[in-house]
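The structure appears right after this line, and notes come after that.
In my numbering, the protein residues as written are 1 to 461.
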């Protein structure tokens, strides 16, 4: 039997509990705050750690990217673990790993122990980066899924911006000697606080109804679906979920030998990789170095940092407003085209302007705004939508693994490329990646706006 489409108006007319949907979506999205905070916190500590441990540029890159090695392992493990034990259980495990990592890093006596601690934290971040958005996609009504999915990137932005202000406050406590010996420990240790909050917020959150059906806990799934959509829609959703799971085999890599699903997996992998190859985390991780080279020093540096926060928030808010109106594909095309032009202008700025003035810094801030409208939130939403119910966790983990590999590649080699080739060539490389992303999205990526997850599954077939 084919999918019977339930329109957006029908979803809106049902008396689901909107507050309940928003609350559990926000709770899951809090994993994005940890992702943003823990990946960006190193920007305030790495300069101090470089002095404290006498690190070479290559070792600086490895310390920063070690978190991402753990993240890559975490995303691969998250699919199988969450398919077996549930989305919520593994999110709780991820939050616990965050806490352990923060404590270990703060107490580290050697750079080796710092690296091991960051790998442990990466495991948690990797798991959360897959499962937070997977959970939201599985509980959100179709007409709200884009906006609710964008909450994840909004939380990432909150985490990144929070880091800059927390770091500034901690560094204001003592002079250079204290900062180099002790300040970086406080900076890293503070990341355990949001991790503890995540553990508390997750406690009342229910399990994903789609996972519950898969685990033969249908009555529990029905209760949650009723709270989300009302009784009439809940019955139809439950029927479609059950049919979807009956028609398909358990997830494994051999599943993607089927041409239509192989195309979905390849699309997810390339979207995830391009999200990082356009250079976002090179700027986030090495923000002080990039903005100093662009001419933002002293009070100007504080102003630019504040503008990063404003740009990130405005970008995600615009994305949340537009994603269920104009669609995923349009936002991605607008964003990647705009980022390509901006990166080209930044490249010119470094080449001709050098370190004078504010123009190049403002262009980088505008690039961050465009990223947070498009590639930031929309990629997470799309890769959480395009896979079938029985393989979503598994396929999401594979796609997100490549996101983390690309993230590691950029963060590891950015300091080397920057030191050897300079800012102009570095941003020219990112511009080429933006153009490649645009062409790929224009040619390959379908529109998923307004479709249920089961409709999207049938779209591939």
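Glycine is no exception: its CB is placed at the ideal position from the N, C-alpha and C atoms.
Through-space distance from residue 159 to residue 271, alpha-carbon basis: To locate residue 271, count along the chain shown from 1; it is residue 271. To locate residue 159, count along the chain shown from 1; it is residue 159. Their Cα atoms are separated by approximately 23 Å.
Have a look at residue 129 and residue 237 and give me their C-alpha separation to the nearest angstrom. Within the chain shown, residue 129 is the residue found at index 129, counting from 1. Within the chain shown, residue 237 is the residue found at index 237, counting from 1. Taking the straight line from one Cα to the other gives about 26 Å.
Where do the ends of the alpha helix (DSSP H) carrying residue 179 lie? Taking the first residue of the chain shown as 1, we reach residue 179 at position 179. Counting along the chain, residue 179 falls outside any alpha helix (DSSP H), and DSSP gives it neither H nor E.
Who are the Cβ neighbours of residue 345 in its own chain at under 6 Å, not counting the five residues just before and after it? Translated into positions along the chain shown, residue 345 becomes position 345. Result list for residue 345: 363, in chain order.
Please say whether residue 138 and residue 87 have beta carbons closer to each other than 9 Å? In the chain shown, residue 87 corresponds to position 87, counting from 1. In the chain shown, residue 138 corresponds to position 138, counting from 1. Yes. Within cutoff.
Can you tell me whether DSSP reads residue 223 as helix, strand or coil? Counting from 1 along the chain shown, the entry for residue 223 is found at position 223. Reduced to three states, the DSSP call for residue 223 is helix.
Does the segment 272-283 come into contact with the segment 401-414, if we say contact requires no fewer than three beta-carbon pairs (one atom in each stretch) closer than 8 Å? yes
For residue 455, the three-state DSSP class (helix, strand or coil): Against the chain shown, residue 455 aligns to sequence position 455. The answer is helix: DSSP assigns residue 455 an H, G or I state.
In angstroms, rounded to a whole number, what distance separates the CA positions of residue 69 and residue 283? Position 69 of the chain shown holds residue 69. Position 283 of the chain shown holds residue 283. Those two C-alpha atoms are separated by around 19 Å.
Using DSSP with H/G/I as helix, E/B as strand and the rest coil, what is residue 372? The residue labelled residue 372 in the question sits at position 372 within the chain shown. Residue 372: helix per DSSP, three-state reduction.
So, at 8 Å on beta carbons, what are the nonlocal neighbours of residue 19 in its own chain, with the 5 sequence-adjacent residues on each side left out? Counting from 1 along the chain shown, the entry for residue 19 is found at position 19. Correct list: empty, nothing qualifies.
Quick check: residue 31 and residue 152, are their CB atoms within less than 9 Å of each other? Mapped onto the chain shown, residue 31 falls at position 31. Mapped onto the chain shown, residue 152 falls at position 152. Cβ atoms of residue 31 and residue 152: closer than 9 Å.
So, at 6 Å on beta carbons, what are the nonlocal neighbours of residue 66 in its own chain, with the 5 sequence-adjacent residues on each side left out? As a working note, residue 66 is residue 66 in the chain shown. Once the five neighbours on either side are set aside, the close Cβ partners of residue 66 are 115, 118 and 119.
Run the CB neighbour count on residue 58, radius 10 Å, all protein chains shown included, and call it buried at 16 or more, exposed below. Indexing the chain shown from 1 puts residue 58 at position 58. The residue in question, residue 58, is exposed, as its Cβ has fewer than 16 Cβ neighbours within 10 Å.
Comparing C-alpha positions only, which one of 321, 315 and 415 sits nearest to residue 157? Translated into the one-based positions of the chain shown, residue 157 becomes position 157. Looking at the Cα atoms, 315 is the closest of the given residues.
For residue 144, the first and last residue of its enclosing alpha helix (DSSP H): In the chain shown, counting from the first residue as 1, residue 144 sits at position 144. Run containing residue 144: none; DSSP gives neither H nor E here.
What residue from 381, 52, 199 and 208 has the CA that sits closest to residue 177's CA? Here the question's residue 177 lines up with position 177 in the chain shown. Taking only the C-alpha atoms, the option nearest residue 177 is 52.
Residue 24 versus residue 17: straight-line alpha-carbon distance, rounded: Looking up residue 24 in the chain shown gives position 24. Looking up residue 17 in the chain shown gives position 17. Cα to Cα, residue 24 sits roughly 11 Å from residue 17.
Check residue 213 in the structure and name its three-state DSSP category. Along the chain shown, one-based indexing puts residue 213 at 213. Looking at residue 213 - three-state DSSP - the assignment turns out to be helix.
If you reduce the DSSP assignment to three classes, tell me which class residue 42 lands in. Walking along the chain shown from the start, residue 42 turns up at place 42. Here residue 42 sits in helix by DSSP.
Apart from the five residues on each side of it in sequence, which residues of its chain come closer than 7 Å, Cβ to Cβ, to residue 327? Translated into positions along the chain shown, residue 327 becomes position 327. Here the set comprises 447 and 449.
Whole-Å CB distance - residue 381 paired with residue 332, under 8 Å assumed: Position 381 of the chain shown, counted from the first residue, corresponds to residue 381. Position 332 of the chain shown, counted from the first residue, corresponds to residue 332. Actually they do not touch by this definition, with Cβ atoms about 10 Å apart.
Alpha carbon of residue 355 to alpha carbon of residue 294, nearest angstrom: Locating residue 355 in the chain shown gives position 355, where the first residue counts as 1. Locating residue 294 in the chain shown gives position 294, where the first residue counts as 1. Model confidence at residue 355 stands at a pLDDT of 49, short of 50, so the residue's coordinates are unreliable and nothing is read from them.
Coil, strand or helix - residue 336 by DSSP: What you label residue 336 is simply residue 336 of the chain shown in a count that begins at 1. It is helical.
Kindly confirm or deny that the segment 428-435 and the segment 335-342 touch, where touching means at least three C-beta pairs closer than 8 Å. yes
Under DSSP, the alpha helix (DSSP H) around residue 286 begins and ends at which residues? Here residue 286 refers to the residue found at position 286 of the chain shown. Element bounds for residue 286: n/a, residue is neither H nor E.
Excluding sequence positions up to five away, which residues of its chain have a Cβ less than 7 Å from the Cβ of residue 383? To locate residue 383, count along the chain shown from 1; it is residue 383. 268, 271, 272, 396 and 399, listed in sequence order.
Under a Cβ-count criterion, where at least 16 other Cβ atoms within 10 Å of its own Cβ denotes burial, should residue 310 be classed as buried or exposed? The residue given as residue 310 occupies position 310 in the chain shown. Exposed is the call here.
Within its chain, find whatever has a CB closer than 7 Å to the CB of residue 162; leave out the 5 residues flanking it on each side and keep chain order. Taking the first residue of the chain shown as position 1, residue 162 is located at position 162. These residues qualify, in order along the chain: 37.
Would you decide whether residue 500 is buried or exposed? Buried here means 16 or more other CB atoms lie within 10 Å of its CB. Absent from the structure is residue 500, since the part of the chain shown begins at 1 and ends at 461.
The segment 411-430 in contact with the segment 195-215 per 3-pair CB rule at 8 Å: no
Can you name, in chain order, every residue of its own chain whose Cβ lies under 6 Å from the Cβ of residue 206, other than the five neighbours on each side? Within the chain shown, the letter at position 206 stands for residue 206. Correct list, in chain order: 224.
Residue 98 and residue 189: beta carbons closer than 9 Å? As a working mapping, residue 98 is identified with position 98 in the chain shown. As a working mapping, residue 189 is identified with position 189 in the chain shown. No. Outside cutoff.
Should residue 112 go down as buried or exposed, given a rule of 16 or more other Cβ atoms within 10 Å for buried? The residue you call residue 112 lines up with position 112 of the chain shown. By the 10 Å Cβ count, residue 112 comes out exposed.
Under 8 Å by Cβ, that's how I've got residue 183 and residue 170 pegged, so tell me the actual separation to the nearest angstrom. In the chain shown, counting from the first residue as 1, residue 183 sits at position 183. In the chain shown, counting from the first residue as 1, residue 170 sits at position 170. About 6 Å; that satisfies the 8 Å criterion.
Run of the alpha helix (DSSP H) containing residue 84, from where it starts to where it stops: The residue labelled residue 84 in the question sits at position 84 within the chain shown. Residues 57-85.
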